[in-house]
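Residue numbers (my numbering), protein chains in the order written: chain E, 1 to 112; chain W, 1001 to 1410; chain P, 2001 to 2313. Glycine included, every Cβ here is placed at the ideal spot set by N, Cα and C. Scroll down for the structure; my scribbles are underneath it.
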Amino acid sequence: MPLNYRGKILFHSERCVGCKLCQKDCPANAIFINKVGDKRFEAVFKFDHCIYCAQCVDSCNKDALEATPEFELATFSRPNLTVTYHAPPPPPPPAQATPPANVPPTDPAKSA
Amino acid sequence: MAQVTVPIGPQHPSLKEPASFSITLEGERICHAGMRLGYNHRGMEKAAESRTFIQNIHLLERVCGICSHSHSTNYVSAVEAVAGLKIPDRASHIRTLIGELERLHSHFLWLGVAGHEIGLDTLLMYSWRDREPIMDILAMLCGNRVNYGINTIGGVRRDITPEQLQEVLKVVNQLEERTKYYVELALTDTTLGQRLAKVGHLSHEDAVRFGAVGPTARASKVDRDTRRDAPYLSFGKIEFKVITDDHEDVFGRTVVRVCELIESYKIIRQVIATMPDGPITVKAPRKIPAGEATSRNEAPRGENIHYVRSNGTDKPDRVKVRASTMANLGSVAKMMEANYLADVPIIIAAIDPCFSCTDRAVQVNDLSRGDSTVMSFKDLRKYSIEWYRREAGVDLGALNTKLAKRLAAR
Amino acid sequence: MSTSLIPLAYVVVLPGFLALGGLAIEFVDRKLYARFQSRTGPPWYQPIADSIKLLSKEAIVPRAADKPMFRMVPLVALAATATAFFYIPLWSTHALHPFEGDAVVVLYLLTIPALCFFLAGWFSTSLFASYGAIRTLTSLISYEVPLFMAILSPMILAGTWSLSGTVEFYQSHPTWPFFNVLGFVVAIVALLGKLEKAPFDIPEAETELGGGTFVEYSGKLLALFRMTIDIEAMVVATLVASVFMPWGMNLHPVLVLALHAVKVFFIVFLIALTRTVMARMRIEQMVNFCYKWLAPAAIIQLLITILLSGVLK
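This is how it looks when you write it as structure tokens:
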């Protein structure tokens, strides 16, 4: 298998900015970008519609899409070919500024 | 002797693609050949109008599987001419290289098909085995064995490393040895010569009159080759010979194609030796300014013409494709005269038919009526419903309204 | 007891041996053809798998065809070919039922399959089938004459019209078969016509007629026709081997059978080689070739044997 073979497309969700150029340029309408949160996007691929031309890979300015050499995609049931690449997990909330309330203040008379 | 009409096609083991030839025979001699096309019409020109220019690159690449790169290059060149873009030299060289590799694989494919049509399956197996290294290097360079997808508006999508160029040279050297064997085979084999010589005769005047292009015309001493007459891509800077032959029959077409293989090896070597460095693409706008352009190039089968008209949006206004087989098909009926039924497959195969390329929309001028009818989509739909009601007793008009109602209800 | 078992053994064992031999010949031919073309080729069980598959499919009879004749023609072809085998010496110089003149009977029985192929195409009433049928007859009249003359010339030297008698004669004159080399070449070329192999596979030209005479046949009827062609290959190869290469026929039967396998393999090798390197001829080219080159060569062979039979006896 040559290394540059255009097989299944891989989506790196952390680099996607949601410009949807890939969706506009796809000749087969096989990719859909959905926003699921603040700056977080998921990609829904219809691999039964995809023609594996890798135009989406070239249209993306952020290198969020990559063509892998994987070609054994045959399956027994058509819905299996609609693959969702999920968005990255939301970032954890920032740390609290005040200390927790249930720690008793230290008694300077007791220590020493 | 009574005349019998034999239908060759649309389904026939000798045809690779559907087309209907009705051959009228007296015994085994052909007295008349009629032709009907349109079995491969997919509405590509109409589909191109509702897709953006970038989406259309991939649509038009799939007009044909064997000459796909020439269709893609032609379309992209026409769009670049409308937009006023000049592609970098490296991109032009890469496009030329892939185009010549495509010519190689198409001629090897033709050799095999010709061998199969005359019953020499060994030639089929040998030439298709030799075609495999070409497909492998095309997969290495472009990412796919057919429908290469290397073009984009403004240049090419992938760069080629020097190691890949060395691989290409290795394969070309290996294939040149094999091609010398095929040249010797074509010239000296007895049964091959018996089946190919004096078959499908097309005189020089007829070739010019019917507008034949490509190896079909060059075998009748018509000295036309778009690479030399209207140089495109990097062909202005490359030295090569245009092969013509004066046999005027299928044997001549075989000789022309096999010798063109050897010329292609020379062209590929020159392209690789003079490959310039530099960028592989220029930035192309998404909305192409209004204008129209025609672009022609030499596909493996002959001259291929594309016309693109834009109206300032990101979708083209009109795309027209005139593939080379469309020009060659007119001469097939003439070639079949005074031949035997056994020669029909090889005569059809000798023009290297690609009916997928051919079936586009054509306006036919009926000279006897002095005008031509153009039907719009609505007229065509009404005509077809009437025809089926009259001929087959099927009322598609009612079916259509039912379908429309169901779709609206969903 | 033993004398009454032998004919029973012949009736029960021989047809199976014939069918297996036919399948083996088809396998060897296809495998050699593939190897010459740098392909892998089918595995050893391919011909029997094809037959089993065909037997399990429905046999569709066209509406306009003559149904009883359509069904009967493959059986007649198979019966005639199998019957011809009884008169060809296989494991000894003595065939099953030899008699004076059995060579002529064998040759006539071997013409019946070709006529049945014609009738198959004729009764199919389809356009392509009729063309294939007419071509079968045309090629029949081209290769039959040289084939008959080539097969019969060694017998003129032997002085008998019986195949078994011919083989018996050549056991005592082991160098005399070399006078028949020209006849051997003519017989191999005419065999290509009889077995419908390239360059003479015009009746079943797939790319021109899409199946020729057998285009309407399917299922078990087609299986019978394919079996006929395989068995015909076995019968004709055995015939040519026993007439032109009759060495070692009075040894132990098992050795004779082994030698017979080697001779048949040699003939099949020649056929596969010719099939690989030659393109299909047009029908008028075949008639031209057979009457301009093959028939005169057969006549020359006849003259050689007639002269020699006078000189050497």
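Would residue i and residue j qualify as a contact pair, given that the criterion is a beta-carbon distance under 7 Å?
| i | j | result |
| --- | --- | --- |
| W/H1201 | W/D1249 | yes |
| W/A1290 | W/S1310 | yes |
| W/D1359 | W/L1037 | yes |
| P/R2282 | P/A2198 | no |
| P/A2059 | P/K2220 | yes |
| P/I2188 | P/I2306 | no |
| W/E1298 | W/T1226 | yes |
| W/V1256 | W/R1218 | yes |
| W/L1192 | P/A2279 | yes |
| W/S1356 | W/N1040 | yes |
| P/D2029 | P/A2272 | yes |
| W/S1070 | W/A1212 | no |
| P/A2237 | P/L2195 | no |
| E/P27 | W/H1012 | no |
What first and last residue would you give for the alpha helix (DSSP H) that runs through residue i?
| i | result |
| --- | --- |
| W/E1298 | Taken as a continuous stretch (DSSP letters only), W/E1298 belongs to no alpha helix (DSSP H), being part of the beta strand (DSSP E) at G1291 to A1299. |
| W/P1279 | It is not in any alpha helix (DSSP H) - W/P1279 carries neither H nor E in the DSSP assignment. |
| W/H1204 | H1204 to F1210 |
| W/N1074 | S1068 to A1083 |
| W/R1228 | T1226 to D1229 |
| P/P2074 | K2067 to A2084 |
| P/P2253 | P2253 to V2277 |
| W/D1189 | No alpha helix (DSSP H) contains W/D1189, which DSSP labels as neither H nor E. |
| P/W2315 | Chain P is shown from 2001 up to 2313; residue 2315 of chain P falls before or after that span and cannot be answered. |
| W/Y1039 | Premise fails: W/Y1039 is in no alpha helix (DSSP H) and is neither H nor E. |
| W/K1405 | L1396 to A1409 |
With a CB to CB cut of under 6 Å and the five nearest residues on each side skipped, what residues in its chain are close to residue i?
| i | result |
| --- | --- |
| W/V1394 | Y1388 |
| E/G7 | T68, P69, E70 and F71 |
| W/P1231 | none |
| W/D1352 | W1110 and R1301 |
| W/R1103 | S1264 and P1300 |
| W/G1397 | I1385 |
| W/V1113 | A1349 |
| W/V1242 | D1225 and R1228 |
| E/L10 | E66 and T68 |
| W/T1294 | Y1307 |
Name the two residues that bound the continuous beta strand (DSSP E) containing residue i.
| i | result |
| --- | --- |
| P/E2232 | No beta strand (DSSP E) contains P/E2232, which is instead part of the alpha helix (DSSP H) from G2219 to F2244. |
| W/M1035 | R1029 to R1036 |
| W/K1320 | P1316 to R1322 |
| W/G1302 | G1302 to S1310 |
| E/A43 | R40 to K46 |
Once you ignore the five residues that flank residue i on each side, which residues in its own chain have a CB closer than 7 Å to its CB?
| i | result |
| --- | --- |
| W/R1322 | I1305 |
| P/L2259 | G2248 |
| E/T75 | L81 |
| W/H1116 | L1124 |
| E/V83 | F45 and F47 |
| W/I1267 | E1100, I1238 and F1240 |
| E/N29 | H49 |
| P/V2256 | W2091, S2092, G2248 and M2249 |
| W/V1146 | G1065 and S1068 |
| W/S1203 | S1220 and E1248 |
| P/V2287 | T2138 and S2142 |
Can you name the residues that DSSP bridges to residue i?
| i | result |
| --- | --- |
| W/Y1340 | W/R1029 |
| W/I1008 | W/F1021 |
| E/E66 | E/L10 |
| E/V83 | E/F45 |
| E/G37 | E/R40 |
| W/Q1003 | W/E1026 |
Keeping to the same chain, check which residues put their C-beta closer than 8 Å to that of residue i; ignore five residues upstream and five downstream.
| i | result |
| --- | --- |
| P/P2177 | P2154, Y2170, F2244, M2245, P2246 and W2247 |
| W/V1271 | H1093, T1096, L1097, E1100, S1234 and I1238 |
| W/T1052 | R1286, D1314 and K1315 |
| E/S13 | R40, F41, E42, A43, A64, Y85, H86, A87 and P88 |
For this session: Please specify which runs of the beta strand (DSSP E), each continuous and at least 3 residues long, are wholly inside the stretch 2015 to 2047 of chain P, giving them in chain order.
Result: Under the rule that a run must span 3 or more residues, no beta strand (DSSP E) segment is found entirely inside the stretch 2015 to 2047 of chain P.
Problem set entry | Ranges of the beta strand (DSSP E) found wholly within the stretch 1 to 33 of chain E, counting only runs of at least 3 | Runs of the beta strand (DSSP E) lying entirely within the stretch 1 to 33 of chain E and spanning at least 3 residues, in chain order: 9 to 11.
Problem set entry | alpha helix (DSSP H) runs contained entirely in the stretch 1115 to 1172 of chain W, provided each spans 4 or more residues | With a minimum length of 4 residues, the continuous alpha helix (DSSP H) runs that stay inside the stretch 1115 to 1172 of chain W are 1121 to 1142.
For this session: At 4 residues or longer, and completely inside the stretch 2157 to 2194 of chain P: list those alpha helix (DSSP H) runs for me, N to C.
Result: Those alpha helix (DSSP H) runs which fall completely within the stretch 2157 to 2194 of chain P and span 4+ residues are 2163 to 2172 and 2181 to 2194.
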